[in-house]
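Peer 1: Quick one: the structure is below, questions incoming.
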Amino acid sequence: MQKQFNLNPKTRSNEGNSIRCHSSLSYDKERNNRQSVLLRSDEAINFSQRFAKIVNKFCPNVQMNFFDDNWEKVIQRLDSTFQKILEDMKEQLNIEFIEKEEYLKKTTANLIKYEELLNKRKKEFDEKCAEWTKHKDEENNKLQKEKKEIVILKCRLQKEFEIKIEKLEEKEKKAFEIIEKFEGMHSDLMKSKIENQNITWDILQQSLKLEEKAAIIAWKEKTIKEDLKVINEEKSKLENEKKSNTLLKLELLNKIPKVNNIKRSSSSIEKLDFYDSPSFALNSSPSFALNSSHIDHDSFHKEETHNFSSKNKNSSFSNSSKLCTTKSESNIKNEIFNGFTRTIPRQEAYERKSLLKKIREKEIRNSQLKDEKIKQEKEREKLENLAYREKEIIEKTMKEQHRQECERKIQEKREQERIDLEKKELEKIRARKIEQERIEHQRIEDQFKDEIMTKVIIKERELEEKNLEIELYEKMLKDERLRLDFVKDDLTNERQELQSEKLVFYEEIIEERKKIEEYFTDIASKTSILNSRKEEILKAKITAEDKEIMKELEKKVGKSSDKSDKILTN
């Protein structure tokens, strides 16, 4: 039981934890040592390579051949390398400054020489300019004298022109007076033309009015023709109505004996009611009589039989027959037949009167239409006669106006031709005088112009020659000035380039110094990082030693606990 169960479990758990801590600490220690060694060696190699590239780039004279893995050796050799770099840079700067100072001395000497040459050329140019100014002043004085002479000649010619212009103005005044007279004549003729035109306009307006009247007459003729057509149509209708009336008369005359032979079974009172009914009144109208072709003996017989059968049932006679049974049927029939024979002549007389009225009305209407037609024909003949007379009057007036216009035009043409001939003769005389004066004036102007032009051409040639010489000298001076300006520009550009190169060189030196300072700062930061890592490593070593001591103590404690367990088990 003592072997199977642990009576002191806390001691056994502490032993396991101590073993685990010891193994983990040893593993971490080894891993940190390896990583620190690798980092140191890699960083030192990278730094040495970068630094060697920078030194070879900016200071090719300095040789750097160290590629160490340890930072301590690298830091020891940096001092010597920086001193060499600074010495090399100082030597290079001194050499460049000496070269540029020599170049500036040479350029300044050349500039002094060019300035001396320019001063000499300027003096020569000023002397020549003074000579040319004197010569030009003399020539200008001569030209002014000649201009004065030309002005005097111009004044003399202007006076002559003014005298001739006055003469021409007098002649023009005379011509204008003649023209005004002709214009007065022309204005009178134009007034007469305008009056004649007004008369023609009045005649045309009258002719237009007559044409309007003729159009109205034609329109009335058309309306009359249309009315005649309507009248003819009505005549044809009336003839058709007459024919229909004659046929109706014949039919009625033929129907009367048939009706007398028919036996009716209705009373006289009922027949009277039948004739007084609205259907009979409608059928007895004149329009129905005219269009009574639909009346037939069969239809009349059917209506009578229908009325007799319908009223026989509800009549007082049928009621009375029930009361009076003593009378026989034969007597009743005879009485009915006698009553019917009395009513037939009345009906025939009424129909004859209505037909006669209709015939009279149609005859009156036809006579009225004939009278209207005769009146319209008379009016149309009157209008035609008036239109014909108006046309004859218009034609006569137009012929007279045309004849008058032709005579007036012939007179106007003759007067215009006479006026044109007089104008042409006057214009020819005036043109001859003007041409003679113009020829004389032109001859004088040509002589004066030729004299002046010869003098001006000679002087212009002399001035052109002198101007050409002056232009040549000016071109020579301009070329020299341009050449000197180019030299000055070249020197100024060289100076600017030197200054810019100096500035660039100084800027590069400053940038290199900044880069070196940055590298030194990087090195200082890295050294501080290394020192901190060294301190951490020392601390880790101390802690590792402490852990080893603790492990040893734990081992001792574990052994003592095992012994105690064994003792307990025993």
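Using our numbering, read the sequence shown as starting at -15 and increasing by one per residue.
Every residue gets a Cβ at the ideal spot worked out from N, C-alpha and C, and that includes glycine.
Exposed or buried, what is LEU127 when buried is set at 16 or more other beta-carbons lying within 10 Å of its beta-carbon?
Peer 2: The count along the sequence shown starts at 1 and reaches residue 127 at position 143. By the neighbour-count rule (16 or more Cβ atoms within 10 Å), LEU127 is not buried but exposed.
Peer 1: Report the residue from GLU195, MET174, LYS37, PHE109 whose alpha carbon sits nearest the alpha carbon of GLU376.
Peer 2: Here residue 376 refers to the residue found at position 392 when the sequence shown is read from its first residue. Residue GLU195 is the option with its Cα nearest to GLU376.
Peer 1: If we call anything under 8 Å between Cβ atoms a contact, is ILE403 one with MET174?
Peer 2: By one-based count along the sequence shown, residue 403 stands at place 419. By one-based count along the sequence shown, residue 174 stands at place 190. Cβ atoms of ILE403 and MET174: not closer than 8 Å.
Peer 1: Inspect the beta-carbon positions of LYS155 and LYS417 and report whether they are closer than 8 Å.
Peer 2: Stepping through the sequence shown from its first residue, residue 155 is reached at position 171. Stepping through the sequence shown from its first residue, residue 417 is reached at position 433. In this structure, LYS417 lies closer than 8 Å to LYS155 by Cβ.
Peer 1: Taking C-alpha atoms, which residue in ASN94, LYS450, GLU532 lies nearest to ASN124?
Peer 2: Position 140 of the sequence shown, counted from the first residue, corresponds to residue 124. Of the candidates ASN94, LYS450, GLU532, the one whose C-alpha sits nearest the C-alpha of ASN124 is LYS450.
Peer 1: Leaving out five residues before and five after LEU410 in sequence, what residues of the same chain have Cβ atoms less than 8 Å from its Cβ?
Peer 2: The residue you call residue 410 lines up with position 426 of the sequence shown. Around LEU410: ALA159, ILE162.
Peer 1: Report the rounded CA-to-CA distance for GLU446 versus ASP463, giving the unit in angstroms.
Peer 2: Here residue 446 refers to the residue found at position 462 of the sequence shown. Here residue 463 refers to the residue found at position 479 of the sequence shown. Going from the Cα of GLU446 to the Cα of ASP463 covers about 26 Å.
Peer 1: Quick check: is the beta carbon of LEU192 nearer than 8 Å to any beta carbon in chain B?
Peer 2: In the structure shown, chain B cannot be found, because there is only a single protein chain.
Peer 1: Compare the Cα-Cα distances from LEU95 to each of ASP474, GLU356, ILE378, LEU339 and report the closest residue.
Peer 2: Sequence index remark: in the sequence shown, residue 95 carries index 111 (1-based). Checked all of ASP474, GLU356, ILE378, LEU339; the closest Cα to LEU95 is ASP474.
Peer 1: Consult DSSP for PHE292 and reduce its assignment to one of helix, strand or coil.
Peer 2: Position 308 of the sequence shown, counted from the first residue, corresponds to residue 292. Any reading at PHE292 must be qualified, since the residue scores a pLDDT of 39, below 50, and its modelled position is unreliable; the value itself is stated next. Reduced to three states, the DSSP call for PHE292 is helix.
Peer 1: Count the other C-beta atoms from every protein chain shown that fall within 10 angstroms of the C-beta of LEU192, then say buried if there are 16 or more, exposed otherwise.
Peer 2: Start at 1 with the first residue of the sequence shown, and residue 192 comes out as number 208. Per the 10 Å Cβ criterion, exposed.
Peer 1: Given a cut-off of 8 Å on the beta-carbon distance, is the pair ASN180 and GLU363 in contact?
Peer 2: To locate residue 180, count along the sequence shown from 1; it is residue 196. To locate residue 363, count along the sequence shown from 1; it is residue 379. No.
Peer 1: Does the Cβ of ILE69 have 16 or more other Cβ atoms within 10 Å, making it buried, or fewer, making it exposed?
Peer 2: On the sequence shown, residue 69 is found 85 positions in, with the first residue counted as 1. Burial call: buried.
Peer 1: With distances taken between CB atoms, is the gap from GLU130 to LYS472 smaller than 8 Å?
Peer 2: Looking up residue 130 in the sequence shown gives position 146. Looking up residue 472 in the sequence shown gives position 488. Cβ atoms of GLU130 and LYS472: not closer than 8 Å.
Peer 1: Would the beta-carbon of ARG402 be found less than 7 Å away from any heavy atom of the ligand PLP?
Peer 2: By its list of ligands, the structure shown contains no ligand whatsoever, and the ligand PLP lies outside what it can speak to.
Peer 1: Have a look at ASN229 and THR207 and give me their C-alpha separation to the nearest angstrom.
Peer 2: Numbered from its first residue, the sequence shown carries residue 229 at position 245. Numbered from its first residue, the sequence shown carries residue 207 at position 223. When rounded, the distance between both Cα atoms is 32 Å.
Peer 1: Would the beta-carbon of LYS204 fall within 8 Å of that of GLU374?
Peer 2: By one-based count along the sequence shown, residue 204 stands at place 220. By one-based count along the sequence shown, residue 374 stands at place 390. It is not a contact, given that the beta carbons lie outside the stated cut-off.
Peer 1: Could you tell me the distance, in whole angstroms, from the CA atom of LEU353 to the CA atom of ILE215?
Peer 2: As a working mapping, residue 353 is identified with position 369 in the sequence shown. As a working mapping, residue 215 is identified with position 231 in the sequence shown. In a straight line, the C-alpha of LEU353 is about 7 Å away from that of ILE215.
Peer 1: Whole-angstrom Cβ separation of LYS84 and LEU487, contact assumed at under 8 Å?
Peer 2: Here residue 84 corresponds to residue number 100 of the sequence shown, with the count starting at 1. Here residue 487 corresponds to residue number 503 of the sequence shown, with the count starting at 1. About 12 Å separates the two Cβ atoms, so there is no contact after all.
Peer 1: Below 8 Å on the Cβ atoms is my guess for LEU367 versus ILE201; work out the distance and round it to an integer in Å.
Peer 2: Here residue 367 refers to the residue found at position 383 when the sequence shown is read from its first residue. Here residue 201 refers to the residue found at position 217 when the sequence shown is read from its first residue. Rounded, the Cβ-Cβ distance is 5 Å, consistent with contact.
Peer 1: Would you check if the distance between the CB atom of ASN187 and the CB atom of GLN385 is smaller than 8 Å?
Peer 2: Stepping through the sequence shown from its first residue, residue 187 is reached at position 203. Stepping through the sequence shown from its first residue, residue 385 is reached at position 401. According to the sequence provided, residue 187 is Ile. The question's Asn does not apply to it. Result yes, Cβ atoms of ILE187 and GLN385 sit closer than 8 Å.
Peer 1: Since LEU468 and TYR98 are thought to touch, with beta carbons under 8 Å apart, how far apart are those beta carbons, to the nearest angstrom?
Peer 2: The sequence position of residue 468 within the sequence shown is 484, counting from 1. The sequence position of residue 98 within the sequence shown is 114, counting from 1. Yes, LEU468 and TYR98 are in contact; Cβ-Cβ is about 6 Å, under 8 Å.
Peer 1: Among GLN360, SER171, THR381, which residue has its Cα nearest to the Cα of THR184?
Peer 2: Position 200 of the sequence shown, counted from the first residue, corresponds to residue 184. Cα-wise, what sits closest to THR184 is THR381.
Peer 1: Give me the residue from ARG387, GLU421, ARG465 with the minimum Cα distance to PHE109.
Peer 2: Within the sequence shown, numbered from 1, the residue matching residue 109 stands at position 125. Checked all of ARG387, GLU421, ARG465; the closest Cα to PHE109 is ARG465.
Peer 1: Return the chain-ordered list of same chain residues with a C-beta closer than 6 Å to the C-beta of ALA333, the five sequence neighbours on each side being excluded.
Peer 2: Along the sequence shown, read from residue 1 onward, the residue named residue 333 stands at position 349. Nothing meets the Cβ criterion.
Peer 1: Count the other CB atoms within 10 Å of the CB of LEU232; is the residue buried (16 or more) or exposed (fewer)?
Peer 2: As a first step, residue 232 is located in the sequence shown; it is residue number 248 there, counting from the start. Under this definition LEU232 is a buried residue.
Peer 1: Would PHE432 and LEU141 be called neighbours here (beta carbons separated by less than 8 Å)?
Peer 2: The count along the sequence shown starts at 1 and reaches residue 432 at position 448. The count along the sequence shown starts at 1 and reaches residue 141 at position 157. Closer than 8 Å, so yes.
Peer 1: Can you check which of these residues, LYS357, ILE521, LYS459, is closest to GLU218 by C-alpha distance?
Peer 2: The residue given as residue 218 occupies position 234 in the sequence shown. Per the Cα distances, LYS357.
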